[in-house]
Amino acid sequence: NAQKPKILVARAIFPEALAKLEESFEVRSNQADQILTPEELKKELAGVVGALVTGSERIDAQALAQAKDLKIVANISVGYNNFDVPAITTAGVMATNTPDVLTDTTADFGFALLMATARRITESEHWIRAGKWDKWSIVNNPLGMDLHGSTLGIIGMGRIGQGVAKRALGFGMKVIYHNRSRLSEADEKACAASYVSKEELLRTADHVVLVLPYSAQSHHTIGEKELALMKPTATLINIARGGIVDDLALAKALREKTIFAAGLDVFEGEPSVNPELLKLSNVVLAPHIASATEKTRRAMVDLAIDNLRAALGGKKPPSLINAEVFKAE
Ligand code: 8YV
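At the far end of the sequence shown sits residue 338, using UniProt numbering, and the numbering has no gaps.
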């Protein structure tokens with residue numbers, strides 16, 4: 010139907026969601042799921058009025074150069090460091106993300122990594138599979154670190170950080186946090202969390218969880234200097250973004266056991282993982298799956314589609330990032 014507006018779905022989505030979109034739109038879909046090159050992305054964006062994208066697609070002036078009809082770019086992701094927001098705004102395009110729907114699922118995964126890392130779960134499994142488990146032993150089996158009774162340090166205290174803090178209460182952990190701005194007294198109370206400087210957090214926390222957005226300012230928030238402040242018994246969990254941690258410096262700290270272990274869901278240059286990290290047993294690796302449950306990934310796709318439909322229907326998208334672009338019709 011030539012009358013239907015054209016949209017781009019840059020990556021594979023659930024078939025039912027795609028089928029529903031096809032009722033209202035002429036869809037350029039990519040169920041093969043290969044990541045478009047910048048050149049392909051630029052071509053695909055030319056001539057569509059809306060696009061569903063993910064963190065893997067960089068949306069900047071170059072990508073938008075020929076996108077004369079584009080009204081909305083809807084990220085299927087809460088983090089939007091793949092967006093050059095000023096460039097998108099200059100192009101008069103609405104930008105949206107998917108907050109809230111993934112908060113609890115991602116906070117749960119923070120705890121999955123905390124547990125797996127502190128209690129050496131994946132390392133233990135590899136040990137069994139390698140046929141190394143020949144007897145129960147008091148001292149010669151993998152010994153981990155406790156979560157209960159320990160101090161949890163959270164860097165980045167947005168929705169997900171607060172979700173991690175609330176879970177920590179159930180584990181009997183003391184929670185300290187660092188954030189660009191302090192939480193309100195009521196929010197601090199709800200999380201039973203105390204604000205500290207980044208240095209104090211790194212010095213005193215037994216487990217450090219990173220949940221801050223990636224930006225030029227947060228690049229290498231954890232590098233050699235910061236790792237040196239941490240306790241040799243401490244663990245580091247990254248469910249934020251690759252680039253927040255200097256992975257090479259982290260590999261060195263893990264190798265030299267200046268920290269106990271790390272749990273990583275995100276990596277600098279992912280899906281490549283620094284080979285130095287791959288050599289180590291005291292690191293738990295996950296392929297960027299903190300939001301990956303059936304229910305939540307569907308909710309993220311649905312919210313991105315709600316944003317797209319709202320924008321193309323002249324309504325304000327529910328999670329609009331650049332409100333200045335929206336003009337009520
Ligand atoms: C996304 C994420 O799956 O929401 C985020 O910020 O990191 C993940 O939930 C990923 O960014 C792909 O878009």
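Ideal Cβ positions, reconstructed from N, Cα and C, are used throughout, including at glycine.
Q: Identify whether I137 lies in helix, strand or coil by the three-state DSSP scheme.
A: helix
Q | Per-residue DSSP class, three states only, for S146 | A | S146 falls in the coil class under three-state DSSP.
Q | T115: CB within 8 Å of a non-hydrogen atom of the ligand 8YV | A | yes
Q) Roughly how many whole angstroms lie between the Cα atoms of L161 and G172? A) 13 Å
Q. Considering only C-alpha positions, which residue in the set L79, E279 and G170 is nearest to T114?
A. G170
(Q) When you compare the CB positions of L17 and V36, do they come within less than 9 Å of one another, or not? (A) When the beta-carbon positions are compared, L17 and V36 come within less than 9 Å of each other.
Q) Going by the C-beta, is V94 closer than 8 Å to any heavy atom of the ligand 8YV? A) Flag unset: Cβ of V94 not near the ligand 8YV.
Q. Going by C-alpha distance, which of V217, I97 and L27 is nearest L73?
A. I97
Q: Can you list the residues near the ligand 8YV, meaning Cβ strictly closer than 6 Å to any non-hydrogen atom, in the order they appear in the chain?
A: Ordered along the chain, the selected set is T63, G64, I85, S86, V87, G88, L111 and S300.
Q.
If I measure Cβ to Cβ from E279 and keep anything under 7 Å in the same chain, skipping five residues before and after, which residues do I get?
A. G251 and H297
Q: Please name the residue in Q12, S206 and T105 whose C-alpha comes closest to that of A332.
A: T105
Q) Per DSSP, what kind of secondary structure is N283 in: helix, strand or coil? A) coil
(Q) According to DSSP, simplified to helix, strand and coil, what is E66? (A) coil
Q: Measure from the alpha carbon of L287 to the alpha carbon of each residue in D256, E303, I314 and D311, then state which is nearest.
A: D256
(Q) What does DSSP give as the partner residue(s) for T244 in the beta ladder? (A) H216 and A270
Q. So is V148 buried or exposed if we call it buried at 16+ other beta carbons inside 10 Å?
A. exposed
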